[in-house]
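Chains as they are written, first to last, in the working numbering: chain A, 1 to 301; chain B, 302 to 389.
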């Protein structure tokens, strides 16, 4: 992965394409890979390897270092002395599992639906560093079309109602529990998926509106129709709808969802000294509160 | 790319990004028809969003606007004006 990454960035010729390469890498890298990458990039002899004019090499070098350093600093907020050891496997095209080394028995499978950026409000290694590979494996189910899942989860299916049952068949078995986690536009898919994949717990953070007008141009039924059909299946499952205190739109979305899922718990993420808007998980990182947040609302004890 | 197409491109790019404030701003229709500008403050755009927008501009127009430069522009209307200027 690291060699592939450095080979990739050697071909880019602009800061933006360098950033794109790093963003894409940080959507699939494990914590150990990020540490390996940043160690290599911070070697005093390392310089950006691409074919850019000599006077811009320092700019590219500094830019690359800054982004990965930011990620590594956030990883340290998990309060652990070393990067967590996850291994990445492809379950099916576009769907990856980040697994610990132990058998599933007695452990938890998190099925995660990220928002449009393909991430759970932050680079994946930060998220993984806040879990324990001895306790959980994480399946990432991004919408590679970046279309709020309104065209389903290609190539599993071009609608969510088609894709989610197929996703369920690709998930490994043997876990003690399954939970779903969704952020932003992945929030509703996390709710819809829970009954299908057998999750006992759902955490949706900043879930999008049921009446998102963009879905009018999507495939299949509307989000509202899908949620109305799925809501009875959420009975008996723990559902948490979290949102930032300074994101009134997300609070309204949570209110609308609780009309369909009355037992859902609304959780407002709020701090006295910081506005918490849509990206409600991020302010928890610097305060070393993300791990206890996940433990509490995903039931990881 | 003409001004109208640029405006539509930016809206489409934002719709496919992590930036959530565009539709919440209530300014999108006015921006698309050229009667309103949208300040970045209304977009709820973090550093990731800034990078995504710069990437979209370069991919769709071939014009490089780097993140620090984009932030200085301050609004989507200024981004459109900058691209138009550099296209000439």
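Even glycine gets a Cβ: it sits at the ideal position worked out from N, Cα and C.
Bear in mind the structure is a predicted one, so any value in this text is a computation, not a measurement.
Report the residue from the options whose alpha carbon sits nearest the alpha carbon of residue i.
| i | options | result |
| --- | --- | --- |
| residue 231(A) | 258(A), 241(A) and 212(A) | 258(A) |
| residue 20(A) | 367(B), 327(B) and 376(B) | 367(B) |
| residue 184(A) | 73(A), 215(A), 209(A) and 104(A) | 209(A) |
| residue 90(A) | 243(A), 170(A), 280(A) and 179(A) | 170(A) |
| residue 244(A) | 287(A), 274(A) and 236(A) | 274(A) |
| residue 211(A) | 205(A), 204(A), 221(A) and 92(A) | 221(A) |
| residue 127(A) | 239(A), 223(A) and 78(A) | 78(A) |
| residue 354(B) | 389(B), 384(B) and 388(B) | 384(B) |
| residue 33(A) | 46(A), 267(A) and 5(A) | 5(A) |
| residue 240(A) | 268(A), 167(A) and 69(A) | 268(A) |
Quick check on the DSSP output: the beta strand (DSSP E) that includes residue i runs from which residue to which?
| i | result |
| --- | --- |
| residue 137(A) | 136-140 |
| residue 384(B) | Run containing residue 384(B): none in the beta strand (DSSP E); it sits in the alpha helix (DSSP H), 377-388. |
| residue 177(A) | 177-183 |
| residue 339(B) | Where residue 339(B) is concerned, there is no enclosing beta strand (DSSP E), given that its DSSP letter is neither H nor E. |
| residue 307(A) | Given that chain A is displayed from residue 1 to residue 301, the structure contains no residue 307(A) and the question cannot be resolved. |
| residue 113(A) | 108-113 |
| residue 238(A) | 238-244 |
Is the CB of residue i under 7 Å away from at least one CB in chain B?
| i | result |
| --- | --- |
| residue 15(A) | yes |
| residue 20(A) | yes |
| residue 146(A) | yes |
| residue 219(A) | no |
| residue 186(A) | no |
| residue 278(A) | yes |
| residue 116(A) | yes |
| residue 249(A) | yes |
Along the chain, where does the alpha helix (DSSP H) containing residue i start, and where does it finish?
| i | result |
| --- | --- |
| residue 322(B) | 322-325 |
| residue 224(A) | 223-230 |
| residue 297(A) | 290-297 |
List the residues that DSSP assigns as beta-bridge partners of residue i.
| i | result |
| --- | --- |
| residue 157(A) | 153(A) |
| residue 87(A) | 99(A) |
| residue 92(A) | 95(A) |
| residue 26(A) | DSSP, once it has assigned bridges, lists no residue as partnering residue 26(A). |
Does residue i get closer than 7 Å to chain C when you measure Cβ to Cβ?
| i | result |
| --- | --- |
| residue 4(A) | Absence of chain C from the displayed structure is noted, the protein chains being A and B. |
Any beta carbon from chain A within less than 7 Å of residue i's own beta carbon?
| i | result |
| --- | --- |
| residue 359(B) | yes |
| residue 326(B) | no |
| residue 356(B) | yes |
| residue 336(B) | no |
The ligand MG and residue i: does the residue's C-beta get closer than 6 Å to at least one heavy atom of that ligand?
| i | result |
| --- | --- |
| residue 248(A) | Questions concerning the ligand MG fall outside what the structure shown contains, since it holds no ligand whatsoever. |
Count the CB pairs spanning the region 288-296 of chain A and the region 245-257 of chain A that are closer than 8 Å, and state whether there are at least three. no
Report yes or no: do three or more beta-carbon pairs, one from the region 137-144 of chain A and one from the region 80-100 of chain A, lie closer than 8 Å? yes
For the pair the region 4-18 of chain A and the region 362-379 of chain B, tell me if three or more CB-CB distances fall below 8 Å. yes
Cβ pair count under 8 Å reaching 3, the region 170-182 of chain A against the region 102-115 of chain A: yes
Just checking, does the region 186-198 of chain A make contact with the region 221-236 of chain A on the three C-beta pairs under 8 Å criterion? yes
Quick check: the region 312-324 of chain B against the region 342-350 of chain B, are there 3 or more CB pairs under 8 Å? yes
Does the count of Cβ pairs from the region 324-340 of chain B and the region 355-362 of chain B closer than 8 Å reach three? no
Answer yes if the region 80-95 of chain A comes into contact with the region 151-169 of chain A, meaning at least three C-beta pairs across the two stretches below 8 Å, and no otherwise. yes
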